[in-house]
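Just so we're on the same page, our numbering is the position in the sequence shown counted from 1, plus 5.
Encoded as structure tokens, the structure appears first; notes follow it.
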Amino acid sequence: MTKKPVFPFTKEFPALARGLGGRKMIYLDSACTALKMRSAAGAHNELLLHLGGCGGRRSSHALARAVEELYGGARADAAVFTGAQSPDEIIFTSGATEAANIFAGGFPFTPEKNEVILSPLEHNSVFLPFYNLSKTGKIKLKVMPLKGFKPDIKAFARMLSKRTALVCAARASNFFGGVIDLKSIAELARQAGAAVFSDDAQYAPTHPVGAASSGADALAFSGHKLGAPFGTGVLWVKKALLNRLNPFKVGGGVVKSVERSGSGFEVEYLRDYQGFEAGIQNYAGAFAMARAFKTLSALGHENIRAHMAEIVSYAYERLSAVRKIKVLGEPEDLKNGALLPFVPAGRAFSPADLNIFLNTYYKDRFIAVRTGRHCADLASLNSGLAETARLSFFVYTSKRDIDVFISALQKYLSFL
Ligand SMILES: Cc1ncc(COP(=O)(O)O)c(C=O)c1O
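Below is the structure:
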């Protein structure tokens, strides 16, 4: 019988015990990036130091074949973690940002079907590639209205038309937390003949991704937000759409053939993921990310979810009892995510000032939270919230971390 994992799950995260500059670290900024896993860092090091040779089917010597074999294994592991139908649907990227750029740049828009509808919560990594395309005149960009802290689905239904080519909706917002009803959005989009892209950067670390049954045709997430090294991520595109996607980032490794054609040239690109991974790849990063997937899967998604719900609910309860602040959102929704946003009630203080306090007041510790717009300008503009403070959690977060934060917050507020 396998042993039930113990939460908070800290043993894989040496940064927690080490702290910084002799000070203990309370890390409540996992939505920006998670602390890194020992097992993933070990795998990273192993590949770099022992197999740091040419890969990507360029060379055919023994070392290149060994690298390629591990890279293929990482793709198979990523397909399982993502819930893809096949490893061929998995494109390794440097993160959700690169994934969204590759997807936006390669999407097969036509002059008749060139409208993109974004959720009002999209991160700039999804908003800006489409914004740039709209500036060239290639597409028309629309943004769903916000209702409470979620996309307004009824209003969205009215925005769809036969010109809608694509709908983008982040399954979990990095601004408001919780999760959205992607299935309803995807169903409406499907009825209008539009494809769906889900930004799962905040979803994948603590939920089973289940790509094939998500309702999306494509989705993306970052490895570094789930304990893998920086510069890692996944773009999943359903086979039928992948076959129609144009290679956007091009270079070595994506070419099937280059021939002379008339006075010029004719290039044929490789199919599946192979047409989208140009240049030497982050083999070590992909291998390490696969190790992180395995570590999380061994913990069990249900167990991870239960821990996140417990931490979010506890933080909600403690935070909502503090005067001079207002927690945004409902506990029943927030507990489905892994972060908690709050604002000063009646401009009692500035989040940036609180941030300085949390990093400088105590000699023996500091508390890492995030304040500002969180690179989610659409969410900020649509809600009218210029900035928020955000506590975000992962498998290693404990109730004690929350207690330490709350007592620091109360200390700070006592000075106002
Ligand atoms: C919702 C969301 N999407 C996309 C990104 C971009 O991820 P990355 O910087 O790893 O590319 C982030 C990063 O914070 C995010 O929160």
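Note that CB positions come from ideal geometry on N, CA and C, so glycine has one too.
Membership of M313 in the alpha helix (DSSP H) is indicated by the continuous run 306-325. The beta carbon of P356 lies closer than 8 angstroms to those of V348, P349, T376, G377, E392, T393, A394 in the same chain, with the five residues before and after it left out. Taking 7 angstroms as the cut-off, one finds at least one heavy atom of ligand 1 near enough to the beta carbon of A206.
Between A162 and L53, the alpha-carbon positions lie close to 49 angstroms from each other. For R163, no beta strand (DSSP E) run applies; the uninterrupted alpha helix (DSSP H) run containing it begins and ends at 158-164, by DSSP. The beta carbon of G111 is closer than 6 angstroms to those of L250, N251, F253 in its chain, skipping five residues each way along the sequence. Out of H212, S397, D204, S219, the CA that lies nearest to the CA of E192 is found in S219. Contact annotation: A199 and M294 have beta-carbon atoms that are not nearer than 8 angstroms. Short note on A175: C-beta closer than 7 angstroms to some heavy atom of ligand 1.
Taking K188 as the centre and dropping the five residues before and after it, the same chain places the C-beta of G220 closer than 6 angstroms to its C-beta, in chain order. For E264, the pairing in a beta bridge is given by DSSP as E271. Per DSSP, the unbroken alpha helix (DSSP H) holding A83 starts and ends at 67-87.
For K368 and G26, the gap between their C-alpha atoms comes out near 10 angstroms. In this chain, T376 is not harboured by any alpha helix (DSSP H); it is covered by the beta strand (DSSP E) spanning 375-377. For the pair G290 and R63, the Cα-to-Cα distance works out to about 19 angstroms. DSSP links Y32 through a beta bridge to A373. Minimum Cα-Cα distance from L33 among the listed residues V327, A216, K404 corresponds to K404. Residue state for E392 is assigned as coil, using DSSP reduced to three classes. If you look at T141, you'll find it in the alpha helix (DSSP H) that goes 129-141. Counting every other CB atom within 10 Å of its CB across the protein chains shown gives L421 a total below 16, marking it as exposed.
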